[in-house]
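K.L.:
For the sequence shown, counting from 1, position 19 maps to 19 in UniProt numbering; every step adds exactly one.
Just so you know, even glycine gets a beta-carbon here, dropped at the ideal spot from N, CA and C.
Dropping a structure here in C-alpha cells format, bear with me for questions.
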Amino acid sequence: MNLNVVLAIFRKDLITSVKNKNLLIILLTPVFLSLLFNSTISLTDNTVVPVAVYDEGSSTDFIEYLSSRSNYDVTIADSAVKSEELLYNQKVSAIMLVPKGFSADIKNGLTPSLNIIVNPYEAKSVVFLQTYKDIVMDFAGQRYPVNITLNTLPGNLQSRFNIPVWIMFTVIFVGMMVLPNTLTTEKEKKTLEAILVSPASEKDVIYGKSLFGLFLTILISLVIIIINKGFVGNFLSVTVFIILGSTVFTGLGLLIASYADTYSSASLFSTVCMAPMILLALLADLSREIGYISHLVPSTYVFYGIKNAMLNNSGISDLYPEVGTLLIFNILVYVLTFRVLKKKRYS
C-alpha cells in the first residue's frame, strides 16, 4: 500500500464532495432528518384531534362535553353519511355516531352503544384512541378502580433512544450513496481508468475510497450525536461500531459502483439495497422470522451494537459476537471488491 497515493485519493474525493452540491445534500440528509424528527409533535404534547360527531337525538349534553375538551376539535355532522365523508376525505381523524337517547341511558345506569370509526392512517388518531375511553368514562361519572400515575420520558431523553437509528442510517446512507456517486462519476469522466493505469494499485484505490467514506461517516455521526446530546454510554464501543459499519457499507458502495456504469444506475441499485438493510434492522423484534432474516445483513449488528453501547453502556467484551460478525462481513466485502476492481483493471 502506498500511503501517499491513498491520501491523494482521499484528498481528491474530499475536494470533489465539497464542490458537488448534490453530494453535500446527500451528506446532510441524515442530519436534516434527525432535526426534523426531533421537532415533530410527540404524543405528550397538546395535540388537538379533529373529530366529527353525529347525534341521532337527545344527547346535546354529551356533544357539549366533547366540545369542551381542549384536545378535541369537534365538528357536528348533519348525518352519518356526512360524518363518514369527512373521515374518508381526511378532514377528521375519527367519527362518533351517537345513538338516540345515549345520554339518558347513561344517566339511568344503562349501557348504550357508541359507534366509533377511526382512520388508522392518520397520526392524530393514535391520540384519539388513547383518550376517548377516559372522556366517555368522565362524562358518565365513572372512575377506574385504581389511581394510575403515568409519566413519560423527557423529550431530550427520548431523542437519545433515536440516536442509534440515525447513526445506523448515516453509516448505511453515506457508504451506499456517497461512494457510488464518486466512483461512477469518475467512470463517466474516465478518471477511474486513469487511476487504475497509474502506479496506484487496486488496494490503494480501495483504501483511499474507504478512508474517505470512514471520514464522512464519523463526521456526520458526530454531528448527529452533538445535536441530540448523545455522548452517553460506552462511547469507545460506539466508535468501534461506527468504524466497522462504515467500512463494510463503504465496501458495499464500492462494490455496487464497480458493477454500475452510470451514477443513475448505481443510485437506483443502492436505494433498492438500502431499504431492506434499514428495515430488517429496525423490525427485527417484530417477529421471529424477521429476526432470523435480519441476521443476514450487517446493519442489524451495527444497530444492535450502537444501541447497547449507548443505552446499556455495553463494552466490546459484551458485544464481541457483533464485532466478530462485522469483521467477517468486512473481509468478505473487501475481498470481493478487490477482485472486481482487479478484473476491471485487466479487462
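Can you tell me whether D73 is helix, strand or coil according to DSSP?
P.N.:
Walking along the sequence shown from the start, residue 73 turns up at place 73. Here D73 sits in strand by DSSP.
K.L.:
Please determine, among M96, N181, S237 and Y334, the residue with the shortest C-alpha to C-alpha distance to residue 349.
P.N.:
The question about residue 349 has no answer, for the chain in this structure spans 1 to 347.
K.L.:
Are the beta-carbon atoms belonging to I172 and M96 less than 8 angstroms from one another?
P.N.:
Counted from its first residue, the sequence shown places residue 172 at position 172. Counted from its first residue, the sequence shown places residue 96 at position 96. No, the pair does not count as a contact, with Cβ atoms beyond the cut-off.
K.L.:
Assuming the contact rule is C-beta atoms closer than 8 angstroms, I220 and T170 should be a hit. Round their C-beta distance to whole Å, please.
P.N.:
By 1-based counting over the sequence shown, the position of residue 220 is 220. By 1-based counting over the sequence shown, the position of residue 170 is 170. Yes, they are in contact, since the Cβ atoms of I220 and T170 sit about 5 angstroms apart, within 8 angstroms.
K.L.:
Provide the residue(s) that pair with L97 in DSSP beta bridges, ordered along the chain.
P.N.:
As a working note, residue 97 is residue 97 in the sequence shown. Paired residues: Y54 and N115.
K.L.:
For K343, is the classification buried or exposed, using 16 other Cβ atoms within 10 angstroms of its Cβ as the cut-off for buried?
P.N.:
Along the sequence shown, read from residue 1 onward, the residue named residue 343 stands at position 343. By the 10 Å Cβ count, K343 comes out exposed.
K.L.:
So G253 and S270 are supposed to be a Cβ contact under 8 angstroms. How far apart are they, rounded?
P.N.:
Along the sequence shown, one-based indexing puts residue 253 at 253. Along the sequence shown, one-based indexing puts residue 270 at 270. Indeed, because the Cβ distance is near 7 angstroms, the residues count as touching under 8 angstroms.
K.L.:
Under 8 angstroms Cβ to Cβ from L216, same chain only, skipping five residues before and after it: list those, please.
P.N.:
The residue given as residue 216 occupies position 216 in the sequence shown. So the qualifying residues of the chain are S17, L27, V174 and V178.
K.L.:
Looking at the structure shown, is V49 part of a helix, part of a strand, or coil, going by DSSP?
P.N.:
Stepping through the sequence shown from its first residue, residue 49 is reached at position 49. Residue state, collapsed to three classes: strand.
K.L.:
Which of the three DSSP states is assigned to L14 in this structure?
P.N.:
Along the sequence shown, one-based indexing puts residue 14 at 14. Three-state DSSP puts L14 in a helix.
K.L.:
Can you name the start and end residues of the alpha helix (DSSP H) that R288 belongs to?
P.N.:
One-based indexing of the sequence shown puts residue 288 at position 288. Start and end: R288 to S294.
K.L.:
I need the straight-line Cα distance from D55 to P145, nearest angstrom please.
P.N.:
The count along the sequence shown starts at 1 and reaches residue 55 at position 55. The count along the sequence shown starts at 1 and reaches residue 145 at position 145. Using only the alpha carbons, I get a separation of about 30 angstroms.
K.L.:
Could you work out which residue in I117, T111 and I106 is closest to S93 when comparing CA atoms only?
P.N.:
The count along the sequence shown starts at 1 and reaches residue 93 at position 93. Cα-wise, what sits closest to S93 is I117.
K.L.:
Name the two residues that bound the continuous alpha helix (DSSP H) containing V297.
P.N.:
Residue mapping note: residue 297 aligns to position 297 of the sequence shown, counting from 1. Unbroken run through V297: none, as it is neither H nor E.
K.L.:
I'd like the span of the alpha helix (DSSP H) that includes P276, first residue to last.
P.N.:
What you label residue 276 is simply residue 276 of the sequence shown in a count that begins at 1. Here the alpha helix (DSSP H) through P276 covers Y263 to L282.
K.L.:
For N234 versus A309, is the C-beta spacing smaller than 8 angstroms?
P.N.:
Indexing the sequence shown from 1 puts residue 234 at position 234. Indexing the sequence shown from 1 puts residue 309 at position 309. Contact: yes.
K.L.:
I need the boundaries of the alpha helix (DSSP H) containing F139, first residue and last residue.
P.N.:
If you number the sequence shown from 1, residue 139 lands on position 139. Note, F139: alpha helix (DSSP H), S125 to F139.
K.L.:
In this structure, does DSSP put F215 in helix, strand or coil?
P.N.:
Indexing the sequence shown from 1 puts residue 215 at position 215. Note: F215 maps to helix in three-state DSSP.
K.L.:
Taking the C-alpha atoms as reference points, what is the distance between L110 and F139?
P.N.:
Within the sequence shown, residue 110 is the residue found at index 110, counting from 1. Within the sequence shown, residue 139 is the residue found at index 139, counting from 1. Going from the Cα of L110 to the Cα of F139 covers about 14 angstroms.
K.L.:
Can you give the Cα-Cα distance for V335 and R11, rounded to whole angstroms?
P.N.:
Here residue 335 is taken as the residue at index 335 of the sequence shown, counted from 1. Here residue 11 is taken as the residue at index 11 of the sequence shown, counted from 1. Taking the straight line from one Cα to the other gives about 24 angstroms.
K.L.:
On the three-state DSSP scale, how would you describe Y301?
P.N.:
Here residue 301 is taken as the residue at index 301 of the sequence shown, counted from 1. Note: Y301 maps to helix in three-state DSSP.
K.L.:
Taking the C-alpha atoms as reference points, what is the distance between I290 and L255?
P.N.:
Along the sequence shown, read from residue 1 onward, the residue named residue 290 stands at position 290. Along the sequence shown, read from residue 1 onward, the residue named residue 255 stands at position 255. If I take the Cα positions, the gap works out to 26 angstroms.
K.L.:
What is the DSSP secondary structure of T149, counted as helix, strand or coil?
P.N.:
What you label residue 149 is simply residue 149 of the sequence shown in a count that begins at 1. Reduced to three states, the DSSP call for T149 is coil.
K.L.:
On the three-pair Cβ rule with 8 angstroms, is the region 99–106 touching the region 69–83?
P.N.:
The region 99–106 vs the region 69–83: no contact.
K.L.:
Just the Cα atoms here: how many angstroms apart are A260 and L183?
P.N.:
On the sequence shown, position 260 is the one that residue 260 refers to. On the sequence shown, position 183 is the one that residue 183 refers to. Rounded to whole angstroms, A260 to L183 spans 9 angstroms at the Cα level.
K.L.:
By Cβ distance below 8 angstroms, which residues in the same chain neighbour A77 in space, the five residues on each side in sequence not counted?
P.N.:
Translated into positions along the sequence shown, residue 77 becomes position 77. Same-chain partners within the cutoff: A52, V53, Y54, S83, L86 and I95.
K.L.:
Going by Cα to Cα distance, which pick from I206, L279 and W166 is closest to T29?
P.N.:
Reading the sequence shown from its first residue, position 29 is the one you call residue 29. Of I206, L279 and W166, the residue nearest in Cα terms is W166.
K.L.:
So, with DSSP's three-state summary, where would you put T44?
P.N.:
Locating residue 44 in the sequence shown gives position 44, where the first residue counts as 1. Legend: pLDDT at T44 = 44, less than 50; position of this residue unreliable, no value from coordinates given.
K.L.:
Can you tell me whether DSSP reads P120 as helix, strand or coil?
P.N.:
Along the sequence shown, read from residue 1 onward, the residue named residue 120 stands at position 120. Correct three-state label for P120: coil.
K.L.:
Consider the Cβ of S258: report whether some Cβ of chain B lies at a distance smaller than 8 angstroms.
P.N.:
Here chain B cannot be found, since the structure has a single protein chain.
K.L.:
Assuming V248 is part of the alpha helix (DSSP H), what are its boundary residues?
P.N.:
What you label residue 248 is simply residue 248 of the sequence shown in a count that begins at 1. Unbroken alpha helix (DSSP H) run through V248: F235 to Y259.
K.L.:
Would you mind sorting Y292 into buried or exposed? The rule is 16 or more other CB atoms within 10 Å of its CB.
P.N.:
Position 292 of the sequence shown, counting from 1, holds the residue named residue 292. Label assigned to Y292: exposed.
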